[in-house]
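Colleague: Under our numbering, the first residue of the sequence shown is numbered 541, with each subsequent residue one higher. All C-beta atoms, glycine included, are put in the ideal place defined by N, C-alpha and C. Treat the numbers as computed from the prediction; the structure is a model and nothing was measured. There's a structure below that I have some questions on.
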Amino acid sequence: MSTKQNGGGDVAAERSKASDGDDAGGGEDRDRLSALPDDVLVLILLHLDTKNAARTSVLSRRWRRVWTLLPELRFGIVRQSQHLWDALSVSDVPLRYLLVGALVDPSPQSLAAWLLTAARRVSGELILINFVTERNAEDSDEEEATERGAFELPCFEKATSISLDLGFLGISVPPNGVFARLKSSPSLVLGDLGDVVSSPRCPCLQKLTVCHARGLDRISIDSESLQVLELRNPHGLRQLTVVAPALRDLSVMQCFLNEQNQPVVNISAPQLKSLKWVDTYDPSFVHLGNTEHLQTFGTLFFVYGPHGFTQNRACLMLLPRFKAIENLTLSLVYMLEADNLQYMMEDMTVLPDIKCLHLIVMALGHAFGAGPFHVLRICSGIQRLILVLSTRFELKEETACSSGCICDQPTVWKTEELSLNHLQELEIQEFRASEHEVAFVKRLLNWATVLKMMTVTFHHSISDSKAKELFQMFRSLSNPGVCMEFYIYQEFRMRFHFEFVHFKGKIVFNVAENSKSLLRA
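Written out as structure tokens, the structure reads:
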């Protein structure tokens, strides 16, 4: 995580008290580093993890207190909660960032003790992960959470963001108190969630994410400030009520899929601009309210499925609801074993009038041309296409399909022409140049007759030599006047890119700073 430079004004007064009379060395062997002002030393220590920063206290009396002035603390594996309490108790400097990355099996009592100290200092973001050992989260249930006990979350009056991954620990909230500055709660799991995050308790809350929470059969949120809400796989949820006049981004994913009873959902968000729905949908029980301002909608669709397959029902019922939107994000999902399955794409007969299609293909090694071709055929007026060849569920070794696999059927996409005569921008992500990917991209570029801009991000497995071949391939497929950018992963993290414009057969490269030229025409 990059070092944050803002928010340091709160600790200026504290730093000015630092030991001006402490030893800084002298004579010919004077320690010039220790002679620097506290503010500068703090900036240096921010580049270290907290454990190593604290070790500098043994250098001299001058360094003894410098690490305690840090506005950000990051802890890795913590096996004793007492160590956290000790570290937090040595200073009153406000913390704009506190990360406890792996707290190993704490008791509710020890967790509550150091969190109470943290509540007095955290003025920004708090992230806590409870690392649960010797347990399988998939096999656990609410009873284990009850057995391990619960603790009361103190009131973080100055915190702006709280993220808690508590494993099997239960949690309660104080009956009184206001989280006055809380703007973001990325993973706050609470028993009475609605009471905690609604306006009276969190008047400034702007973002809330609830993931894999247990014991939440009902969520009722009434918030004047909430702008972003994400709900992912809360076990046992049966009723959802949201009244949020400022809400602009809502994601509901796998909240009700495993419930036998019909969920009851009521959403009142008149300013909603982005909706992602990967869940059960029945307009008799799910009421989304006014969506006239919606600009972006996201959902998924299984390309092949067994007879009587119902998982696509929500997608098919929701898509006709939106007549015209700016952006559609559609994930096409393939099952690992496609034997004896049926082609489901023909059930999709209508899409909203859209300008940008974000198409995510999770092919798992299958041939996938038929699915995207069907989608493009019924929204051929798009102006921009983002094609993601997703490796989210990537296999360690891509294996060939079985002899009975139907993934290459139907084959009409290989021969039928498609006129994408409005498509001007194309972006391809995670391109690995597999046989199936190359075959589809060649057809796609043949259909995109008025393309002006193309961006390709290669998968991190693409070597330099392979990239050279792919540059030549795209060069041969591109029309004159198409501006292209290529992004290449370097050491799995850094990306550098090449840009070129194809003018009458000539490729002109502009190589980005800190990169190396793979090919220059």
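Note down the Cα distance separating P611 from C751, rounded to an integer number of angstroms.
Modeller: Those two C-alpha atoms are separated by around 28 Å.
Colleague: With DSSP as the reference, label M793 as helix, strand or coil.
Modeller: Three-state result, M793: strand.
Colleague: Within the same chain, show all residues whose beta-carbon is closer than 8 Å to that of D757, passing over the 5 residues directly before and after it, in chain order.
Modeller: Closer than 8 Å at Cβ, skipping near neighbours: G776, L777, R778 and Q779.
Colleague: For G911, which option in V805, A854, T820 and S871 has the closest C-alpha, if you only look at C-alpha atoms?
Modeller: The candidate whose alpha carbon is nearest that of G911 is S871.
Colleague: Does the Cβ-Cβ distance between Q835 and I807 come in under 8 Å?
Modeller: Cβ distance not < 8 Å, so Q835 and I807 don't count as in contact.
Colleague: Among the residues of its own chain, which have a CB less than 7 Å from the CB of W654, if the five just before and after it don't count?
Modeller: Answer for W654: S621, L624, W625 and L628, listed in chain order.
Colleague: When the Cα atoms are used, what is the spatial distance from F825 to K1008?
Modeller: The alpha-carbon atoms of F825 and K1008 are separated by roughly 54 Å.
Colleague: Once the 5 residues before and after T781 are set aside, which same chain residues still bring their CB inside 6 Å of it?
Modeller: If we look at T781 and ignore the five residues flanking it on each side, its Cβ neighbours are S760 and N806.
Colleague: Around the C-beta of M902, are 16 or more other C-beta atoms found within 10 angstroms, so that it is buried, or is it exposed?
Modeller: Answer is buried; the Cβ neighbour count reaches 16.
Colleague: If V818 and Q802 are in contact, beta carbons under 8 Å, what's the gap, nearest whole angstrom?
Modeller: In fact, because the Cβ distance is near 17 Å, the residues do not count as touching under 8 Å.
Colleague: Could you name the residues that DSSP lists as bridge partners for H898?
Modeller: H898 is bridged to T869 and I926.
Colleague: What is the C-beta distance between I669 and V640, in whole angstroms, given that I count them as a contact (C-beta under 8 Å)?
Modeller: That pair is a contact at about 7 Å.
Colleague: Excluding five sequence neighbours on each side, which residues of the same chain lie with their C-beta closer than 6 Å to the C-beta of N867?
Modeller: The residues are T836 and C896.
Colleague: Quick one: using the 10 Å Cβ neighbour count with 16 as the cut-off for buried, is Q949 buried or exposed?
Modeller: Exposed.
Colleague: Since V890 contacts F842 with CB under 8 Å, what's their CB separation in whole angstroms?
Modeller: The Cβ separation is near 18 Å, so there is no contact.
Colleague: Keeping to the same chain, check which residues put their C-beta closer than 8 Å to that of F908; ignore five residues upstream and five downstream.
Modeller: Closer than 8 Å at the Cβ level, and outside the excluded window around F908, lie V843, L872, Y874, V901, C947, H976 and F980.
Colleague: Using C-beta distances below 7 Å, list every residue in its chain close to L797, excluding the 5 sequence neighbours before and after it, in chain order.
Modeller: Only D819 and T820 meet the Cβ criterion.
Colleague: Does M884 come out as helix, strand or coil in the three-state DSSP assignment?
Modeller: Note: M884 maps to coil in three-state DSSP.
Colleague: Using the three-state DSSP reduction, which class does D757 fall into: helix, strand or coil?
Modeller: Looking at D757 - three-state DSSP - the assignment turns out to be coil, as it is neither helix nor strand.
Colleague: Just mark K1044 as buried or exposed, buried being the case when its beta carbon has 16 or more other beta carbons within 10 Å.
Modeller: Annotation note: pLDDT 36 at K1044 (below 50); position unreliable, coordinate value reported separately. Answer is exposed; the Cβ neighbour count stays below 16.
Colleague: Could you check what DSSP says for E956 in three-state terms: helix, strand or coil?
Modeller: Looking at E956 - three-state DSSP - the assignment turns out to be coil, as it is neither helix nor strand.
Colleague: Along the beta strand (DSSP E) that carries L834, what are the first and last residues, could you check?
Modeller: Counting along the chain, L834 falls outside any beta strand (DSSP E), and DSSP gives it neither H nor E.
Colleague: Quick check on T700: buried or exposed, where buried means 16 or more other Cβ atoms within 10 Å of its Cβ?
Modeller: With 16 or more Cβ atoms within 10 Å of its Cβ, T700 is classed as buried.
Colleague: Hey, quick one: how far does the beta strand (DSSP E) through I617 stretch, first residue to last?
Modeller: Run containing I617: E612 to V618, per the beta strand (DSSP E) assignment.
Colleague: Report the rounded CA-to-CA distance for D768 versus K747, giving the unit in angstroms.
Modeller: Sequence check: residue 768 is Val here, not Asp. Roughly 5 Å separates the two Cα atoms.
Colleague: Work out the CA separation of G616 and R605 for me, nearest whole Å.
Modeller: Near 21 Å, if we compare the C-alpha coordinates of G616 and R605.
Colleague: Between the C-alpha atoms of I1002 and M1024, what's the straight-line distance to the nearest angstrom?
Modeller: When rounded, the distance between both Cα atoms is 18 Å.
Colleague: Rank L925, K1006 and C941 by C-alpha distance to the C-alpha of L991 and give the top, closest one.
Modeller: Measuring from the Cα of L991, the nearest candidate turns out to be L925.
Colleague: What did DSSP end up calling K1056 once you bin it into helix, strand or coil?
Modeller: Unreliable positioning characterises K1056 in this predicted model, as indicated by a pLDDT of 34, which lies under 50. The coordinate reading is nonetheless provided below. In the structure shown, K1056 sits in coil (DSSP, three-state: anything other than H, G, I, E or B).
Colleague: I need the DSSP call for S814, collapsed to helix, strand or coil.
Modeller: In the structure shown, S814 sits in a strand (DSSP, three-state: E or B).
Colleague: Between which two residues does the alpha helix (DSSP H) harbouring A878 extend?
Modeller: A878 -> no alpha helix (DSSP H), and no H or E assigned at all.
Colleague: What would DSSP say about E697, mapped onto helix, strand or coil?
Modeller: Looking at E697 - three-state DSSP - the assignment turns out to be coil, as it is neither helix nor strand.
Colleague: Check for me: the alpha helix (DSSP H) holding Q622 runs from which residue to which?
Modeller: Unbroken alpha helix (DSSP H) run through Q622: S621 to S629.
Colleague: So G911 is in the alpha helix (DSSP H); what residue range does that whole segment cover?
Modeller: First-last of the alpha helix (DSSP H) with G911: A910 to R917.
Colleague: Sorted by chain position, which residues of the same chain lie with C-beta nearer than 7 Å to S597's C-beta, five sequence neighbours on each side aside?
Modeller: Result list for S597: W603, R604 and W607, in chain order.
Colleague: In terms of alpha-carbon separation, which member of I702, R853 and P648 lies closest to V662?
Modeller: Looking at the Cα atoms, I702 is the closest of the given residues.
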